[in-house]
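*Asks:* I am attaching a structure below and will ask some questions about it afterwards.
Numbering (the working numbering), first residue to last: 875 to 1011.
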């Protein structure tokens, strides 16, 4: 019998520099922080949250995205593991607005592509992790 599941609960990305990555993700997506070690946390709290490795977890509408700052190299989608991470937007107009927002943030990106069943916009985070926005047709 197969395991019954219909969505992803969370994804955690390994990054090199948490300050740089947080600045990127917060500027581009402005997700609310779900969990991080408070700056004034006592030792017990720090131990309880040690699984964060000094990173952060953001809350999305349907799931969580975490940043774990223990990396020492750059992302390469040609290695075993993650190829890219895609986020939905509601329409082509929202995808066009997202491209303008990336421009305003100084984030390089490709052009909007019509791939037949949807439109996509590709870009990368500071660790070269491939990200994509997808709009339905």
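We put the CB at the ideal spot given by N, CA and C, even for glycine.
Fair warning: this is a prediction, and the values are worked out from it, not measured in the lab.
Can you tell me where the alpha helix (DSSP H) holding residue 975 begins and where it ends?
*Replies:* Translated into the one-based positions of the chain shown, residue 975 becomes position 101. Here the alpha helix (DSSP H) through residue 975 covers 966-979.
*Asks:* Quick one: Cα of residue 861 to Cα of residue 976, how far?
*Replies:* Residue 861 is absent from the structure shown; the chain starts at 875 and stops at 1011.
*Asks:* Any contact between the region 945-963 and the region 880-899? By contact I mean 3 or more CB pairs, one from each, below 8 Å.
*Replies:* yes
*Asks:* Ordered along the chain, which non-local residues of its own chain (more than five positions away) have a Cβ less than 8 Å from that of residue 907?
*Replies:* Here residue 907 corresponds to residue number 33 of the chain shown, with the count starting at 1. Closer than 8 Å at the Cβ level, and outside the excluded window around residue 907, lie 930, 931, 932, 933.
*Asks:* Tell me which residues share the same chain as residue 959 and place their Cβ nearer than 6 Å to its Cβ, disregarding the 5 neighbours each side in the sequence.
*Replies:* In the chain shown, residue 959 corresponds to position 85, counting from 1. Excluding sequence neighbours, residue 959 sits near 1005.
*Asks:* For the beta strand (DSSP E) that contains residue 1003, what are its first and last residues?
*Replies:* Taking the first residue of the chain shown as 1, we reach residue 1003 at position 129. Run containing residue 1003: none; DSSP gives neither H nor E here.
*Asks:* Pick helix, strand or coil for residue 953, following the three-state DSSP scheme.
*Replies:* Counting from 1 along the chain shown, the entry for residue 953 is found at position 79. Reduced to three states, the DSSP call for residue 953 is coil.
*Asks:* For residue 927, which residues of its own chain have a beta-carbon under 7 Å away from its beta-carbon, when the five flanking residues on both sides are left out?
*Replies:* Your numbering for residue 927 matches position 53 in the chain shown. Around residue 927: 942, 943, 944.
*Asks:* Rounding to the nearest angstrom, what Cα-Cα distance links residue 921 and residue 911 in this structure?
*Replies:* On the chain shown, position 47 is the one that residue 921 refers to. On the chain shown, position 37 is the one that residue 911 refers to. Between residue 921 and residue 911, the C-alpha separation is close to 10 Å.
*Asks:* Measuring straight from C-alpha to C-alpha, what distance separates residue 1000 and residue 940?
*Replies:* For the purposes of this step, residue 1000 is taken as residue 126 along the chain shown, with counting starting at 1. For the purposes of this step, residue 940 is taken as residue 66 along the chain shown, with counting starting at 1. Cα-Cα distance, rounded: 15 Å.
*Asks:* Hey, would you say the C-beta of residue 964 is under 8 Å away from at least one heavy atom of the ligand NAD?
*Replies:* Because no ligand of any kind appears in the structure shown, any question about the ligand NAD cannot be addressed here.
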